[in-house]
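Notes follow the structure.
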Amino acid sequence: MTEQPTAPLTPVLSRTWDSDRSWSLEAYKAKDGYRGLHAALAMSPDEVIALVKDSGLRGRGGAGFPTGMKWGFIPQNDGKPHYLVVNADESEPGTCKDIPLMMAAPHQLVEGVIIAAYAIRASTAFIYVRGEVVHVYRRLLAAVREAYDAGYLGRNVLGSGVDVDIVVHAGAGAYICGEETALLDSLEGYRGQPRLRPPFPAIAGLYSAPTVINNVESISTVPVVVLNGADWFKSMGTEKSAGMTLYSLSGHVERPGQYEAPLGVTLRQLLEMSGGVRAGHELKFWTPGGSSTPLLTAEHLDVPLDYEGVGAAGSMLGTKALQVFDETTCVLRCVLRWTEFYAHESCGKCTPCREGTYWLVQSLRKLEAGEGAEEDLARLLDLCDNILGRSFCALGDGATSPITSSLKYFRDEYVAHFTSGGCPFDPVASTVFA
Ligand code: NAD
Ligand code: SF4
Numbered sequence: 021m022t023e024q025p026t027a028p029l030t031p032v033l034s035r036t037w038d039s040d041r042s043w044s045l046e047a048y049k050a051k052d053g054y055r056g057l058h059a060a061l062a063m064s065p066d067e068v069i070a071l072v073k074d075s076g077l078r079g080r081g082g083a084g085f086p087t088g089m090k091w092g093f094i095p096q097n098d099g100k101p102h103y104l105v106v107n108a109d110e111s112e113p114g115t116c117k118d119i120p121l122m123m124a125a126p127h128q129l130v131e132g133v134i135i136a137a138y139a140i141r142a143s144t145a146f147i148y149v150r151g152e153v154v155h156v157y158r159r160l161l162a163a164v165r166e167a168y169d170a171g172y173l174g175r176n177v178l179g180s181g182v183d184v185d186i187v188v189h190a191g192a193g194a195y196i197c198g199e200e201t202a203l204l205d206s207l208e209g210y211r212g213q214p215r216l217r218p219p220f221p222a223i224a225g226l227y228s229a230p231t232v233i234n235n236v237e238s239i240s241t242v243p244v245v246v247l248n249g250a251d252w253f254k255s256m257g258t259e260k261s262a263g264m265t266l267y268s269l270s271g272h273v274e275r276p277g278q279y280e281a282p283l284g285v286t287l288r289q290l291l292e293m294s295g296g297v298r299a300g301h302e303l304k305f306w307t308p309g310g311s312s313t314p315l316l317t318a319e320h321l322d323v324p325l326d327y328e329g330v331g332a333a334g335s336m337l338g339t340k341a342l343q344v345f346d347e348t349t350c351v352l353r354c355v356l357r358w359t360e361f362y363a364h365e366s367c368g369k370c371t372p373c374r375e376g377t378y379w380l381v382q383s384l385r386k387l388e389a390g391e392g393a394e395e396d397l398a399r400l401l402d403l404c405d406n407i408l409g410r411s412f413c414a415l416g417d418g419a420t421s422p423i424t425s426s427l428k429y430f431r432d433e434y435v436a437h438f439t440s441g442g443c444p445f446d447p448v449a450s451t452v453f454a
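Written out as structure tokens, the structure reads:
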């Protein structure tokens, strides 16, 4: 049983968001900005890695892999170049935390990058930003420029003898380039497609050199961990899921947005903070971490939103993108929409995903139009079975999650489509809107 988190706390990651021109160096420094870097440079790189390991910080990109452990995989004193790559290609449906983080507090990320690069002995770091978000790209460029001018970047950072350069790179807008090895291919100038792992990037990553790839939120968390210590960080969250994090609430809630809270908070608590499900309606289903994490329902309102709690409920914490849907939503139409996204974004490298997602869309469209039958549900599950665990990367597996989970909780609604000859939620023929 996962323990309950400590109470909601003073914002940490979002502490500068209310400041005037929060993105500027001046505003960031007024709220402890770059003090973590000073603290890190007073330690050895190995000590920084040990501190991050001890803090229990886990990757905030979705998988929750321990950050310090990942850094510890980088071979030390091997005389070869190492790279740090920040995955800022946020694109999982519903996921919208890294963009506000970079817009409101780009220096938090820049400071984290310098500390992480120092720890893994990398002198070049890349921030790979989703190409569509030009405003984020520009903001990062401006912050990096400010950091160079202030002596935080470039040769001999703050007189420490350490060199760190940051390259901000804009992708071209492909969901698959958020997969870490496809991102590396894209960064190297190739078409972004996943590579076989192992070897993991920590052993052979960018240009075949040892490379740490971390999510924006993970790296943005590093400065406060270094500044305040491992015990401070572990005092928040739960035993195995330490610290605070950003939960993104969207959909049918009164006040959608980013909510910073300790890991292990529940959706019920987050709904209290965000004004609840929109007035006059009730929760039907939700995603704990974007659309590739299995759906949960109102019976899961008190599930602790940490890696263990959500896992025990049969889903995954993922990106903590909580998409909330009320009783007016047709789950089949919603799942179809997500599946169309995955089919569109499938990179085509492996057959189960390339062909499978196409056929998932065809089957769901037929069912949604009310033209299906019982055997179509069995075929749908069979298709999922042939994709899950047989795909080259997580995209294929993720595409099956909303389908299998919605069938688990809302099979009757699928059946209602073919027994009533159309969508029961269609405003024209609807019983829901009657
Ligand atoms: P993963 O569990 O395979 O790997 C997680 C990280 O740990 C990677 O950096 C990997 O290199 C490292 N790692 C794992 N095992 C290792 C080992 N033995 N040695 C060295 N390093 C090791 O997960 P993944 O496939 O990288 O990512 C899947 C997650 O991505 C999903 O949980 C999903 O929630 C998330 N996701 C996020 C977005 C987004 O927009 N942020 C989009 C799609 C998916
Ligand atoms: Fe490409 Fe899909 Fe295969 Fe991943 S699972 S390699 S996205 S075709």
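Going by my numbering, the letters in the sequence shown line up with residues 21 to 454, in that order. Backbone N, C-alpha and C define an ideal beta-carbon position, used for all residues, glycine too.
Where does residue i fall in DSSP's three states?
i	result
alanine 332	helix
aspartate 109	coil
valine 177	helix
lysine 73	helix
glutamate 375	helix
leucine 316	strand
glycine 296	coil
aspartate 205	helix
arginine 78	strand
proline 86	strand
aspartate 251	helix
alanine 341	strand
alanine 47	helix
proline 65	helix
tyrosine 172	coil
threonine 451	In this prediction, threonine 451 has a pLDDT of 46, which is less than 50 and means its spatial position is unreliable; what the coordinates show is noted afterwards. Of the three classes helix, strand and coil, the one that applies to threonine 451 here is coil, per DSSP.
glycine 368	coil
tyrosine 195	helix
glycine 257	strand
aspartate 346	strand
tyrosine 103	strand
proline 465	No answer is possible for residue 465: the residues shown for the chain start at 21 and end at 454.
Would you call residue i buried or exposed, if buried means 16 or more other Cβ atoms sit within 10 Å of its Cβ?
i	result
histidine 58	exposed
threonine 30	exposed
proline 422	buried
leucine 216	exposed
alanine 27	Because alanine 27 sits at a pLDDT of 49, beneath the cut-off of 50, its placement in the model cannot be relied upon, and the following sentence gives the value as read from the coordinates. Alanine 27 comes out exposed.
proline 25	Model confidence at proline 25 stands at a pLDDT of 48, short of 50, so the residue's coordinates are unreliable; what they give is reported in the following sentence. Buried: at least 16 other Cβ atoms inside 10 Å.
asparagine 107	buried
aspartate 40	exposed
asparagine 176	exposed
glutamine 213	buried
lysine 100	exposed
asparagine 97	exposed
phenylalanine 453	With a pLDDT of 43 at phenylalanine 453, under the threshold of 50, the modelled position of this residue cannot be trusted; read the value that follows with caution. Phenylalanine 453 is exposed by the Cβ-count criterion.
proline 218	exposed
glutamine 289	buried
arginine 78	buried
histidine 364	exposed
threonine 22	Note on threonine 22: pLDDT 44, under 50, position unreliable in the model; the coordinate value appears next. Threonine 22 comes out buried.
histidine 155	exposed
Tell me the residue span of the beta strand (DSSP E) that contains residue i.
i	result
valine 232	231-235
leucine 266	264-271
lysine 304	303-307
threonine 144	144-149
glutamate 280	277-282
valine 188	185-190
Quick check on the DSSP output: the alpha helix (DSSP H) that includes residue i runs from which residue to which?
i	result
glutamate 395	394-407
isoleucine 134	126-139
glutamine 289	287-293
aspartate 169	154-169
tyrosine 227	Careful: tyrosine 227 lies outside any alpha helix (DSSP H) and carries neither H nor E.
proline 422	414-439
glycine 56	55-61
histidine 364	351-365
Thinking residue i and residue j are a contact (beta carbons under 8 Å), I'd like their distance in whole angstroms, please.
i	j	result
alanine 333	histidine 320	5 Å
threonine 265	valine 323	Contact doesn't hold; Cβ gap of about 15 Å is too wide.
valine 188	valine 164	6 Å
glycine 76	lysine 254	6 Å
valine 130	isoleucine 186	7 Å
valine 133	alanine 145	5 Å
glycine 151	alanine 192	5 Å
serine 411	proline 314	That pair is no contact at about 16 Å.
Just the residues with CB closer than 6 Å to a heavy atom of ligand 2, in chain order, which are they?
-> Ile196, Pro214, Ser366, Cys367, Gly368, Lys369, Cys370, Cys373, Arg374, Ser411, Phe412, Cys413, Leu415 and Gly416
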